[in-house]
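Undergrad: The letter at position 30 of the sequence shown is residue 30 when you use our numbering, and the numbering goes up by one with no holes. Glycine included, every Cβ here is placed at the ideal spot set by N, Cα and C. Remember, predicted model here, so these are calculated numbers, not experimental data.
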Amino acid sequence: MISFECIPISTYCKNTGENIEAINKRIQRGLCREGVQVLKIDGVKERWIDLSEVCKWARKNNVANYRAESR
């Protein structure tokens, strides 16, 4: 099995079922950040997703943490 740290956003969407609009909305709301989870690479038209940063973001923002903090 090949392990990737970064993949094109189209591949990420195809494999996760998410869409680019949802990712753009997360960026606009400040939930995700360009340069951290979403990367713009010089000379490349398509943005890339940093999977390790997405994992960190998901673990930090999971429902269990949300419930624990709201007590």
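#1: How about Ile2 and Cys13: do their beta carbons lie closer than 8 Å?
#2: According to DSSP, is Cys13 part of a helix, a strand, or is it coil?
#3: Tell me where the beta strand (DSSP E) around Cys6 begins and ends.
#4: What are the residues that DSSP puts in a beta bridge with Trp57?
#5: Starting from Ile41 and walking both ways along the beta strand (DSSP E), at which residues does that stretch end?
TA: Reading it off the structure:
#1: Counted from its first residue, the sequence shown places residue 2 at position 2. Counted from its first residue, the sequence shown places residue 13 at position 13. Taking 8 Å as the Cβ cut-off, Ile2 and Cys13 do not qualify as a contacting pair.
#2: The residue labelled residue 13 in the question sits at position 13 within the sequence shown. In this structure, Cys13 counts as helix in the three-state DSSP scheme.
#3: Taking the first residue of the sequence shown as 1, we reach residue 6 at position 6. Element bounds for Cys6: Cys6 to Pro8.
#4: If you number the sequence shown from 1, residue 57 lands on position 57. Trp57 is not bridged to any residue.
#5: Numbered from its first residue, the sequence shown carries residue 41 at position 41. Element bounds for Ile41: n/a, residue is neither H nor E.
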